[in-house]
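Quick note: the sequence shown uses my numbering, first residue 1166, plus one each step. Written out below as structure tokens is the structure these notes cover.
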Amino acid sequence: MPVVLNEILLGRRVVVRYRRRNGDATPPFSDVVGDLIALDGLSATITTRHGPVVIAVADVVLARAVAPDRRQILALERIASHGWQAAEQRDLDGWLLRAEPLAAHLPVANSVLPLGTPTRPLTELLTSATRFYRERGLPAQIQIPLPARGLLDAELATRCWTVARPGLMLSRPIVGWPMRPDAGGLSTMVESVPSSTWQRGYRARDGQLSQPAVNLLARHDQVGFASVTSDDETVGIARGVVEDGWLGVTAVEVAADQRRRGIASALMQSLVAWAHGQATYCYLQVETNNAAGLGFCHQLGFAEHHHYHYRRAPEAV
Ligand SMILES: CC(C)(COP(=O)(O)OP(=O)(O)OC[C@H]1O[C@@H](n2cnc3c(N)ncnc32)[C@H](O)[C@@H]1OP(=O)(O)O)[C@@H](O)C(=O)NCCC(=O)NCCS
């Protein structure tokens, strides 16, 4: 349904039809496709393949978001899968099997990602995948990007695989990143390894991480660990990876008593600066029941790229 250009579309890929300024122009309208990166009462800025285009809001006839297609969803999922590289990764006829039993709490490192279109029958694949996880003491689960893998999802539903941990893949262009003035005064740094300072901020600050957990976090050739400290205390952390022009941000966490002070915004700003010149888009994954995470992402202008959930094998429930 076409809508008028409004802030709901900020950060999204849009198609905009606008009236050409020259009254005699033929044709009288033109279309532009790109990312809406700025909008105020007077003008809209859209980055296109040929550079930024500024359109007067008064000339806009209609505008709508362009949803990513199946290929784009799977391409981003492939990029995101490199952001968490499990110790064991195996191809099963186009499906990526990932296992990191010592970090079993992270489904992203302990699940199947159905990236390719398999040639073998589904029952055979599910049997092989279930056996793979059972042998490692893990529940069999499949991460389903939607709607790209909608048919598989429906098939698993009929086989009583249950839905778990629904989430959103959010994205936005890096250009036009909103800078928060109060974030400037915070002491932020980005390191290439998860230092003890960084680790103190990870997962409820209960001490140092196990070596396998550290290995999993660091297993990437372009990874940055951002932290904010105050009075020698780590009050916030985030992890960034750069892959194929995308900055992927994970593990954003701010101490409960330090929230709403701009710390997470400062962490994001520092990772964007760290990725400068190497990434044009940023992605982040948030579970749908995480109101704070969603509020934070929307405030930063992230828009839904697609959604996903996990499907767990009946015997694993
Ligand atoms: C989500 C989280 C990282 C935000 O950290 P933070 O330092 O409080 O965030 P900021 O202060 O930079 O907030 C920036 C803006 O995000 C939005 N926001 C932040 N927390 C919010 C909340 N609980 N509800 C709604 N909006 C929120 C607000 O618009 C806020 O601006 P404002 O305070 O001026 O209104 C923090 O709540 C957290 O650590 N949660 C647990 C871990 C987590 O969920 N991580 C996933 C993050 S994607």
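Built from N, CA and C at the ideal position, the CB exists for glycine as well.
Opening and closing residue of the alpha helix (DSSP H) in which residue i lies
{"i": "G1458", "result": "A1456 to Q1464"}
{"i": "Y1148", "result": "Since the first residue shown for the chain is 1166 and the last is 1482, residue 1148 is missing from the structure and cannot be characterised."}
{"i": "A1429", "result": "I1428 to W1439"}
{"i": "W1363", "result": "S1361 to Q1364"}
{"i": "V1492", "result": "As displayed, the chain neither begins before 1166 nor continues past 1482, which places residue 1492 out of reach and without an answer."}
{"i": "Q1373", "result": "Careful: Q1373 lies outside any alpha helix (DSSP H) and carries neither H nor E."}
DSSP state of residue i mapped onto helix, strand, coil
{"i": "H1472", "result": "strand"}
{"i": "G1332", "result": "strand"}
{"i": "G1410", "result": "coil"}
{"i": "V1482", "result": "Here the model assigns V1482 a pLDDT of 49, short of 50, so the residue's position is not dependable, and the following value carries that caveat. V1482 falls in the coil class under three-state DSSP."}
{"i": "Q1306", "result": "strand"}
{"i": "A1416", "result": "strand"}
{"i": "F1467", "result": "coil"}
Range of the contiguous beta strand (DSSP E) that encloses residue i
{"i": "Q1318", "result": "The question names Gln, yet the displayed sequence has Asp at residue 1318. Run containing D1318: none in the beta strand (DSSP E); it sits in the alpha helix (DSSP H), G1315 to T1323."}
{"i": "P1279", "result": "V1277 to P1279"}
DSSP bridge partner residues for residue i (one or two, in chain order)
{"i": "W1342", "result": "None; W1342 has no bridge partner."}
{"i": "A1403", "result": "A1391"}
{"i": "Y1446", "result": "P1338 and W1411"}
{"i": "L1311", "result": "H1472"}
{"i": "T1327", "result": "R1477"}
{"i": "T1353", "result": "V1393"}
CB contact check: residue i to chain D, cutoff 9 angstroms
{"i": "L1278", "result": "The structure shown contains no chain D, having only a single protein chain."}
Problem set entry | Three CB pairs or more closer than 8 angstroms across the segment 1431-1450 and the segment 1327-1342 | Output reads yes: the segment 1327-1342 touches the segment 1431-1450.
Problem set entry | Every unbroken beta strand (DSSP E) inside the segment 1168-1217 [3 residues or more] | 1178-1184, 1194-1204 and 1208-1213, all fully within the segment 1168-1217.
For this session: Decide if the segment 1399-1417 is in contact with the segment 1427-1442; the criterion is three or more beta carbon pairs, one per stretch, under 8 angstroms apart.
Result: Because the criterion of three Cβ pairs below 8 angstroms is met, the segment 1399-1417 and the segment 1427-1442 touch.
Problem set entry | Start-end ranges of the beta strand (DSSP E) lying completely within the segment 1217-1275, minimum 3 residues | Segments of the beta strand (DSSP E) lying fully in the segment 1217-1275: 1225-1230, 1253-1257 and 1260-1264.
Exercise. Touching or not, the segment 1186-1204 and the segment 1243-1259, by the rule of three or more beta carbon pairs under 8 angstroms?
Worked result: Touching, no, given that fewer than three Cβ pairs across the two stretches are closer than 8 angstroms.
Problem set entry | At least three beta-carbon pairs within less than 8 angstroms, the segment 1177-1189 to the segment 1220-1236 | The segment 1177-1189 makes contact with the segment 1220-1236; the number of CB pairs closer than 8 angstroms reaches 3 or more.
Problem set entry | Stretch pair the segment 1455-1474 + the segment 1327-1336: three plus CB contacts closer than 8 angstroms | With the cut-off at 8 angstroms, the segment 1455-1474 and the segment 1327-1336 touch.
Exercise. Any chance the segment 1292-1299 sits against the segment 1257-1274, with 3 or more Cβ pairs inside 8 angstroms?
Worked result: In this structure the segment 1292-1299 lies against the segment 1257-1274, because at least three pairs of beta carbons, one per stretch, are closer than 8 angstroms.
Exercise. For the 8 angstroms Cβ check, are there 3 or more pairs between the segment 1385-1403 and the segment 1349-1360?
Worked result: In short, these stretches touch, since the Cβ pair count reaches three.
For this session: Could you say if the segment 1372-1381 and the segment 1409-1419 meet the contact criterion of at least three C-beta pairs nearer than 8 angstroms?
Result: The segment 1372-1381 vs the segment 1409-1419: no contact.
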